[in-house]
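Below is one structure; the comments refer to it alone.
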Amino acid sequence: LDDGRVGAFIRDPSPLDPGEERTYQFTAYLGPKELNILQQYGNELDVAVEFGWFGFFAKILLILLKGFQSVVVNWGVAIVLLTVVVKGLFYPLTQKAFVSGKRMQALQPKLKELKEKYKDNKEMQTQETMKLFQENKVNPMGGCLPSLIQLPVWIALYNVLLYSVELYDSSFLYLQDLTAVDPTGVLPTLVAVLMYLQQKLTPMTGMDPAQQKMMRLMPLVFALFMYSFPSGLVLYISVNSGLTIVQQWLIHKNYSEEPALA
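Residues in the sequence shown are numbered from 13 upward in steps of one, following my numbering.
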């Protein structure tokens, strides 16, 4: 309404005769939009908590966060523990992406040969390139796969931090509210630094100089977005980036040998 009130109204178009009375009865819930409470009263009241497209993941994350918080008490520590668990689940994908990246890097000379050999026949160039990928078990999108799969988790956690009343006014270290932006900008800046270090450990194979330049700007662009995100989400991403760097170092150490190519 114009005065700022928001609500749902039922309009009865049937006329009311002089002296006639009509009574309407409603059931209303006045209280916090906490899933545990809303589900107790039924009537699909829990739908009032909108988690967006990835609501299924959001509810799972909220259950995990509540479980961790019940043990460690602090919501910030619970987010850190959630990050470690999610990172552990995605470790096999990260490992496969790294091996695929190493193979892609080793294939660059052969890819250049094909590009030169079939420079006048794009169709044949594409066929031979795909054949080379299949023979060497290389997925061109393998390096992006872990990030794409984790994207729904980020979006779901963003909605959890934005719409879950359980996390309102929850503090962690210098942060007074994990559902609000970081007032100091420390975490977003840390994310940019960690992403830059992570980028240094990831070879930009198959990219021309313009693409490489664009990729180098990504940490800065991503950090700018972080300044407007809930600090709890930025905490998750910063811890996730730090764990990714450790993961990449371990994978580099364990898979330092050059892959055998077909």
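We treat Cβ as the ideally placed atom computed from N, Cα and C, and that holds for glycine.
Check	Outcome
Consult DSSP for F21 and reduce its assignment to one of helix, strand or coil.	coil
Report buried or exposed for F110, applying the criterion of at least 16 other Cβ atoms within 10 angstroms of its Cβ.	buried
Which one or two residues does DSSP pair with L187 in a beta bridge?	F184
For A60 and L50, which I take to be in contact (beta-carbon distance under 8 Å), what is that distance rounded to the nearest angstrom?	7 Å
Going by C-alpha to C-alpha distance, which of F145, P231 and S243 sits closest to Y186?	S243
Contact between the region 85 to 102 and the region 201 to 209: three or more CB pairs below 8 Å?	no
Extract the residue ranges of the alpha helix (DSSP H) inside the region 57 to 120, only unbroken runs of 4 or more that lie entirely within it.	67 to 84 and 87 to 101
Sorted by chain position, which residues of the same chain lie with C-beta nearer than 8 Å to M136's C-beta, five sequence neighbours on each side aside?	Y130
CA-CA distance, V343 and M226?	Because the chain in this structure spans residues 13 to 274, residue 343 falls outside the shown range and cannot be described.
Assuming V177 and E46 make a contact with CB atoms under 8 Å, what is their CB distance in whole Å?	5 Å
Return the Cβ separation of S240 and L206 in integer angstroms, given the expectation that the two are a contact with Cβ distance under 8 Å.	That belief does not hold up - the Cβ atoms of S240 and L206 are roughly 18 Å apart, past 8 Å.
Please classify Y36: does DSSP put it in a helix, a strand, or coil?	coil
Quick one, are the C-beta atoms of A168 and F69 less than 8 Å apart?	yes
Short of 7 Å in beta carbon distance, which residues of its chain neighbour Q259, apart from the five on each side in sequence? Order them along the chain.	Y103 and T106
Quick check on S87: buried or exposed, where buried means 16 or more other Cβ atoms within 10 Å of its Cβ?	The amino acid at residue 87 is misidentified as Ser; the sequence shows Trp. Under this definition W87 is a buried residue.
Can you tell me where the alpha helix (DSSP H) with F145 in it begins and where it stops?	K134 to E147
Between K108 and L144, which are expected to be in contact by the criterion C-beta below 8 Å, what is the C-beta distance as a whole number of angstroms?	Not really, about 19 Å apart at Cβ, beyond 8 Å.
L163 to T196, Cα distance in whole Å?	26 Å
What does the Cβ neighbour count give for F237, buried or exposed, with the cut at 16 atoms within 10 Å?	exposed
If you count every other CB in all the chains shown that lies within 10 Å of the CB of V18, and 16 or more means buried, which is it?	exposed
For chain D, check one thing: does any of its Cβ atoms lie closer than 8 Å to the Cβ of K114?	In the structure shown, chain D cannot be found, because there is only a single protein chain.
For Q188, does the count of other Cβ atoms within 10 angstroms reach 16, so buried, or fall short, so exposed?	exposed
Classify T196 as helix, strand or coil using the three-state DSSP reduction.	coil
Give a yes or no on whether the C-beta atoms belonging to F80 and K71 are separated by under 8 Å.	no
Using a Cβ-Cβ cutoff of less than 8 Å, which residues in the same chain neighbour V84 once the five nearest sequence positions on both sides are dropped?	A90 and L93
Taking a contact to mean a Cβ-Cβ separation below 8 Å, would you say T256 touches Q210 in this structure?	yes
Between the C-alpha atoms of Q37 and I22, what's the straight-line distance to the nearest angstrom?	11 Å
Can you tell me whether V233 is buried or exposed, with buried defined as 16 or more other CB within 10 angstroms of its CB?	exposed
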